[in-house]
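See below for the structure under consideration.
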Amino acid sequence: MSGYKKPPILRGYTYDPVHAYAARDDGRLLALRVETNTTCNLKCRYCYAESGDTTSKQLPYPLLTKTIDEAQKLGVESIVVIGGGEPTLYERFRDLIAYINDKNMLPVVFTNTILVDEELAKYLHENNASVMGKMDSLKPEVEDYLVGREGAFESIRGGLQNLMDAGFSNPEDPHNLRLGVSFVTNKMNIGEIDRIWGFCRENNIFPNMEILTPTGRAKDELNDLTLTESEIKDYKLQLLDLDRKKYGYDWLPYTPLTASGCLQ
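Going left to right, the sequence shown walks through residues 1 to 264 as the numbering used here numbers them.
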């Protein structure tokens, strides 16, 4: 990696390898993931949990706070709120984020950003959260198809813009980002991957590239869109070349999480 830099990480979601290895050797947890609810305002065709508006399970808030208290005692540094469904639909979502922050741990929120208006974006920023949004495509028709809702593209991009306007794309430390977007690679968006990646790099956004796997809803709806091993290898090498030439980053292209290894 001579002459190159390490790519930035998403604060609280990915950790510097030195820090991660030290925690492992000390027997410490760094992050804990919690699923708050199964309800979702989208019906993504690739959803492993098959979440949607027909499911309504929620974890009791006292159970969540008890779990967070126990995590704090174990030295956990961040709580990743992945929902299971869409966590911003959880009835005490804001209370949960504030509680995590008050315990001096980092809240990390996975959201489709549809419900992230200007006020919520500001609230999340003030409560020290990192946010992982969504961007499966730069084309409205592709995004709408993949997430199973017509018109979703505009709502998703609007929420992302609110987060950027609230300061999430202007981190104090450019190596420790506070905003990311997940995108699930498949045959419908493989031709856009370099542009999505470039958008992220240019805007201080962590690119969380996921590979479509035939589980959950995807095994019935998107099985024919799964990429081959060769296609996955080729696009990873393409992105590595882009990162080296344009942004000066270097990383191993053979890990599950593209450009960030797998130290979760």
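C-beta atoms are modelled at their ideal positions from N, C-alpha and C, and glycine is treated no differently.
Since I believe residue j is in contact with residue i (beta carbons under 8 Å), could you give me their beta-carbon distance rounded to a whole number of angstroms?
i	j	result
residue 79	residue 71	7 Å
residue 41	residue 84	Not really, about 14 Å apart at Cβ, beyond 8 Å.
residue 135	residue 184	Between residue 184 and residue 135 the Cβ distance is about 10 Å, and since that is not below 8 Å, they are no contact.
residue 212	residue 226	5 Å
residue 97	residue 129	6 Å
residue 68	residue 103	6 Å
residue 127	residue 164	Between residue 164 and residue 127 the Cβ distance is about 17 Å, and since that is not below 8 Å, they are no contact.
Excluding five sequence neighbours on each side, which residues of the same chain lie with their C-beta closer than 6 Å to the C-beta of residue i?
i	result
residue 88	111, 115
residue 5	248, 249
residue 59	36
residue 260	14
residue 243	249
residue 253	236, 237, 240
residue 30	15, 23, 77
Return helix, strand or coil for residue i, following the three-state DSSP convention.
i	result
residue 105	coil
residue 37	strand
residue 28	coil
residue 207	strand
residue 63	helix
residue 84	strand
residue 10	strand
residue 43	coil
residue 257	strand
residue 5	strand
How would you label residue i, buried or exposed, when you count the other beta carbons within 10 angstroms and need 16 or more for buried?
i	result
residue 174	exposed
residue 62	exposed
residue 246	exposed
residue 208	buried
residue 218	buried
residue 107	buried
residue 35	buried
residue 137	buried
residue 21	exposed
residue 265	Nothing about residue 265 can be read from this structure; the chain reaches only from 1 to 264.
residue 186	buried
residue 12	buried
residue 109	buried
residue 159	buried
residue 195	exposed
residue 179	buried
residue 162	buried
With a threshold of 7 Å on Cβ separation, who are the neighbours of residue i within its own chain once the five nearest residues in sequence on each side are excluded?
i	result
residue 215	48
residue 33	80, 82
Cutting at 8 Å between CB atoms, please list the residues of its own chain near residue i, excluding the five before and the five after it.
i	result
residue 145	45, 188
**Request:** At 3 residues or longer, and completely inside the region 152-185: list those beta strand (DSSP E) runs for me, N to C.
**Result:** Annotation: the region 152-185 contains the following complete segments of the beta strand (DSSP E) (minimum length 3 residues), in chain order: 179-185.
| task | Within the region 228-253, note down every full beta strand (DSSP E) run reaching 3 residues or more, in order along the chain. | result | Here no run is fully enclosed.
Report task. Write down every uninterrupted run of the alpha helix (DSSP H) in the region 109-135 whose length is 4 residues or greater and which is fully enclosed by it, in chain order. Result -> Runs of the alpha helix (DSSP H) lying entirely within the region 109-135, each at least 4 residues long, are 118-126 in chain order.
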